[in-house]
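Colleague: Using this note's numbering, you'd call the opening residue of the sequence shown number 324 and step up by one each time.
Note that the Cβ used here is the ideal one computed from N, Cα and C, for glycine as well.
Just so it is clear, the structure is predicted and the values come from calculations on it, not from any experiment.
Before we start, here is the structure in question, set down as structure tokens.
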Amino acid sequence: MVIYTQKDALIQALQSWKSQSQHSREIGFVPTMGALHQGHLSLIQKSIEENPLTVVSIFVNPTQFNDPADLEKYPRNHEKDLAVLNQLEGKPFVFLPEVSDIYTNGAVSEDFNFGPIETVMEGKFRNGHFNGVGTVLTKLFDIVTPTRAYFGEKDFQQLAIVKKLTSLKNLPVQIVGCPIVREKNGLAMSSRNSILSQKDREEAAFIYQILKEIQEKFHTHTLGQLKEIVAEQFLQNPNLELEYFEIADEDTLQTATEKNKTIRYRAFIAARIKGVRLIDNIPLN
Ligand code: AMP
324 MVIYTQKDAL IQALQSWKSQ SQHSREIGFV PTMGALHQGH LSLIQKSIEE NPLTVVSIFV
384 NPTQFNDPAD LEKYPRNHEK DLAVLNQLEG KPFVFLPEVS DIYTNGAVSE DFNFGPIETV
444 MEGKFRNGHF NGVGTVLTKL FDIVTPTRAY FGEKDFQQLA IVKKLTSLKN LPVQIVGCPI
504 VREKNGLAMS SRNSILSQKD REEAAFIYQI LKEIQEKFHT HTLGQLKEIV AEQFLQNPNL
564 ELEYFEIADE DTLQTATEKN KTIRYRAFIA ARIKGVRLID NIPLN
């Protein structure tokens, strides 16, 4: 494993790697914000299987945080992350830049127009979030020049935004979506889980339990009844504060107003436990 802390060094190393002719020159890329867990590792393993070289970036991107306190308390554990990556057989290139190396003119976002997919859910509740995501990925794709880039369905709306970004910017990168990896109790793995106590993590598994219940009842209950079930369940769990619950069309991400057999639906939740914001989603049909 080689660690690059400066973009110029990484660009040079990638150029030199590409100039060797014994492999296909295809680069897999897994952008992360670190505090790595099995969810991240599933993406990295897939990339290692599908590409002769994998680049993993660890960069807590300031422009995608709308809340400075959230940015401040976001978990960072480079030592442990590097030890985990060092165990991997595929020997990825690790990119660990400073903010000033990525944002040479200050940490500001480009203004994108992703259309209706950006104004709902995460986009609605985290002002400017997707402009930040689009900005950092544009920069990282430019540095890494990946053939394929891997993203988790845990951030389902982000995955849609990234696909839109590549079409808006005409980027020659294939976006690969990967399934959600969960704890034994069903809680979606997340870096933020590491700042919760074991007890809070057990309680947070309620988010998955309610999603499962909605999935089971999707065919027998109306959309209104499903919303009510969620609202009632959250009232009975005062430690969890619901930010939003949505049943949306998987392709457009717009709120479902009726059930149409030709449309695939997904349920989405954002909730806070002890001030830590967690998101999850599940397919319904
Ligand atoms: P993050 O470090 O949270 O920005 O996540 C980096 C990538 O890992 C994103 O594409 C996430 O969607 C993905 N990811 C995070 N958690 C999971 C999970 N539990 N299962 C699958 N992918 C995940």
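Nearest to THR461 by alpha carbon, out of THR489, LYS403, ALA579?
Modeller: THR489
Colleague: Using the three-state DSSP reduction, which class does ILE350 fall into: helix, strand or coil?
Modeller: strand
Colleague: What I want to know is whether the C-beta of VAL378 ends up closer than 7 Å to one or more non-hydrogen atoms of the ligand AMP.
Modeller: no
Colleague: With a threshold of 8 Å on Cβ separation, who are the neighbours of VAL443 within its own chain once the five nearest residues in sequence on each side are excluded?
Modeller: GLN480, GLU569, ALA571, LEU576, GLN577, THR578
Colleague: By how many angstroms is the C-alpha of GLN338 removed from the C-alpha of ARG524?
Modeller: 44 Å
Colleague: Measuring only from the beta carbon, is ASP478 closer than 7 Å to any heavy atom that is part of the ligand AMP?
Modeller: Taking non-hydrogen atoms of the ligand AMP into account, the C-beta of ASP478 is found less than 7 Å away from one of them.
Colleague: Relative to the C-alpha of ASP390, which residue among GLY451, SER365, ASN493, PHE435 is closest?
Modeller: GLY451
Colleague: Does the Cβ of HIS363 lie closer than 7 Å to at least one heavy atom of the ligand AMP?
Modeller: yes
Colleague: Quick check: does the Cβ of VAL504 come within less than 7 Å of any heavy atom belonging to the ligand AMP?
Modeller: yes
Colleague: Are three or more beta carbon pairs between the stretch 342 to 355 and the stretch 368 to 384 nearer than 8 Å?
Modeller: yes
Colleague: Please go through the same chain and pick out, in chain order, the residues whose beta-carbon is closer than 6 Å to the beta-carbon of ILE425, but skip the five residues on each side of it.
Modeller: Hits under 6 Å: LYS462.
Colleague: Are the beta-carbon atoms of LYS487 and ILE440 separated by less than 8 Å?
Modeller: yes
Colleague: Kindly indicate which three-state DSSP category PRO391 falls into: helix, strand or coil?
Modeller: Three-state DSSP puts PRO391 in a helix.
Colleague: In terms of residues, what are the limits of the alpha helix (DSSP H) holding SER517?
Modeller: SER517 -> no alpha helix (DSSP H), and no H or E assigned at all.
Colleague: With a threshold of 6 Å on Cβ separation, who are the neighbours of VAL499 within its own chain once the five nearest residues in sequence on each side are excluded?
Modeller: ARG471, TYR473
Colleague: Ordered along the chain, which non-local residues of its own chain (more than five positions away) have a Cβ less than 6 Å from that of ALA511?
Modeller: LYS477, ILE503, ARG505, ASP603
Colleague: Between SER266 and ALA483, what straight-line distance do the alpha-carbon atoms span, to the nearest angstrom?
Modeller: The question about residue 266 has no answer, for the chain in this structure spans 324 to 608.
Colleague: The alpha helix (DSSP H) that contains VAL456, what's its start and end?
Modeller: 452 to 467
Colleague: Where does TYR531 sit, in a helix, a strand or coil, going by DSSP?
Modeller: helix
Colleague: Checking the sheet assignment: what are the DSSP bridge partners for THR575?
Modeller: For THR575, no pairing in a beta bridge is given by DSSP.
Colleague: Going by beta carbon distance, what residues of the same chain come within less than 7 Å of ASP434, once the five residues before and after it are set aside?
Modeller: Leaving aside the five residues that flank ASP434 on each side, the residues in its chain whose CB is nearer than 7 Å to its CB run, in chain order, ASN454.
Colleague: Can you list, in chain order, the residues of its chain with a C-beta nearer than 7 Å to that of VAL485? Leave out the 5 residues immediately preceding and following it.
Modeller: Exclusion of the five residues before and after VAL485 leaves LEU460, PHE474, ILE498 as the residues of its chain whose Cβ lies within less than 7 Å of its Cβ.
Colleague: How many Å lie between HIS363 and PHE591 at the Cα?
Modeller: Distance between the alpha carbons of HIS363 and PHE591 is about 20 Å.
Colleague: Can you look up SER432 in the DSSP assignment and give me helix, strand or coil?
Modeller: coil
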